[in-house]
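Quick notes on the structure that follows.
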Amino acid sequence: MQNAALYDTMTRAMKAGTGIRILHQEPFETLISFITSQNNNIPRIRSLIARLCRELGNGFESPYGETVYAFPTAEAVASAGEKALLDMKFGFRAKYIARCAETVASGRFDLSSVSGLRDDEARMELMTLYGVGPKVANCVLLFGYARKDMFPVDVWIKRAINTRFGGTLPDFGAYAGIAQQYIFNNERNEI
Numbered sequence: 001m002q003n004a005a006l007y008d009t010m011t012r013a014m015k016a017g018t019g020i021r022i023l024h025q026e027p028f029e030t031l032i033s034f035i036t037s038q039n040n041n042i043p044r045i046r047s048l049i050a051r052l053c054r055e056l057g058n059g060f061e062s063p064y065g066e067t068v069y070a071f072p073t074a075e076a077v078a079s080a081g082e083k084a085l086l087d088m089k090f091g092f093r094a095k096y097i098a099r100c101a102e103t104v105a106s107g108r109f110d111l112s113s114v115s116g117l118r119d120d121e122a123r124m125e126l127m128t129l130y131g132v133g134p135k136v137a138n139c140v141l142l143f144g145y146a147r148k149d150m151f152p153v154d155v156w157i158k159r160a161i162n163t164r165f166g167g168t169l170p171d172f173g174a175y176a177g178i179a180q181q182y183i184f185n186n187e188r189n190e191i
């Protein structure tokens with residue numbers, strides 16, 4: 001792709017996404033949220049995560065008098081098990097989430113140890129968890145560990161690579177994750 005075309009594409013995406021920020025979420029919450037995102041749409045993901053928090057998270061009263069729920073711990077999700085997740089309508093993801101929660105809760109996988117690994121090692125380590133592939137691992141690294149060079153590829157990004165970048169992903173370097181968010185937002189909003 002020519003530099004001018006890349007510049008034009010990214011300029012449009014950045015204007016359309018003014019104010020985008022990369023969240024830095026707790027790694028377990030990020031892991032479960034992105035497993036939930038597999039073959040799913042954003043409204044349904046939001047609904048499932050809200051249900052998970054309501055069913056398994058600790059509730060507390062907000063300053064506005066409403067009850068809000070924290071994201072559940074790995075122990076709470078593991079204790080609930082796959083059947084409870086199926087009842088919450090997580091579908092095929094229930095098994096992945098239950099096994100990941102059990103692995104983390106039991107201490108067989110220490111999410112805090114991932115932060116000390118190089119990117120490729122961290123990705124491979126996360127991919128040892130049941131149900132975690134490259135996209136989920138890259139999302140967890142970007143949003144849970146602030147690895148801004150991670151570039152998760154989902155259907156929206158694949159579409160952009162093919163339609164906007166001539167089938168070849170440009171090298172966005174150390175800020176690839178930020179570029180990815182602008183591209184993702186632009187693709188979703190242009191449909």
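Just so you know, the UniProt record's numbering puts 156 at position 156 of the sequence shown, and the rest follows in order with no gaps. Built from N, CA and C at the ideal position, the CB exists for glycine as well. Every value quoted in this text rests on a predicted model; they were computed, and no experiment measured them.
For this session: Return the CA-CA distance between I183 and I157, expressed in angstroms with no decimal places.
Result: Here residue 183 refers to the residue found at position 183 when the sequence shown is read from its first residue. Here residue 157 refers to the residue found at position 157 when the sequence shown is read from its first residue. Going by the C-alpha atoms only, they are around 7 Å apart.
Exercise. Shortest alpha-carbon distance to L117 belongs to which of L141, R54, A94, T103?
Worked result: Locating residue 117 in the sequence shown gives position 117, counting from the first residue. With distances taken between Cα atoms, L117 lies closest to L141.
Exercise. Buried or exposed: Y145, going by 16 or more other Cβ atoms within 10 Å of its Cβ?
Worked result: As a working mapping, residue 145 is identified with position 145 in the sequence shown. The residue in question, Y145, is buried, as its Cβ has 16 or more Cβ neighbours within 10 Å.
Exercise. Based on Cα-Cα distance, which residue from K148, P63, F165, A101 lies nearest to A80?
Worked result: Indexing the sequence shown from 1 puts residue 80 at position 80. For the residues K148, P63, F165, A101, the minimum Cα distance to A80 belongs to A101.
For this session: Note down, in chain order, each residue of its chain lying with its Cβ closer than 6 Å to the Cβ of R164, except the 5 sequence neighbours on either side.
Result: In the sequence shown, residue 164 corresponds to position 164, counting from 1. The residues are T9.
Exercise. Does DSSP classify G167 as helix, strand or coil?
Worked result: The residue given as residue 167 occupies position 167 in the sequence shown. Here G167 sits in coil by DSSP.
Exercise. At a cut of 8 Å, does the stretch 57–64 reach the stretch 4–22 through at least three beta carbon pairs?
Worked result: no
Problem set entry | Option in I35, R12, R159 with minimal Cα separation from F90 | Taking the first residue of the sequence shown as position 1, residue 90 is located at position 90. It is I35.
Problem set entry | Collapsed DSSP secondary structure at Y130 in the structure displayed | Locating residue 130 in the sequence shown gives position 130, where the first residue counts as 1. Coil at Y130, not helix or strand.
Problem set entry | For Y175, the three-state DSSP class (helix, strand or coil) | In the sequence shown, residue 175 corresponds to position 175, counting from 1. Here Y175 sits in helix by DSSP.
Exercise. Where does the unbroken alpha helix (DSSP H) through F34 begin, and where does it stop?
Worked result: Along the sequence shown, one-based indexing puts residue 34 at 34. Here the alpha helix (DSSP H) through F34 covers 27–36.
Exercise. For Y130, which of E75, N189, V155, L31 has the nearest alpha-carbon?
Worked result: Along the sequence shown, read from residue 1 onward, the residue named residue 130 stands at position 130. Closest by alpha carbon: L31.
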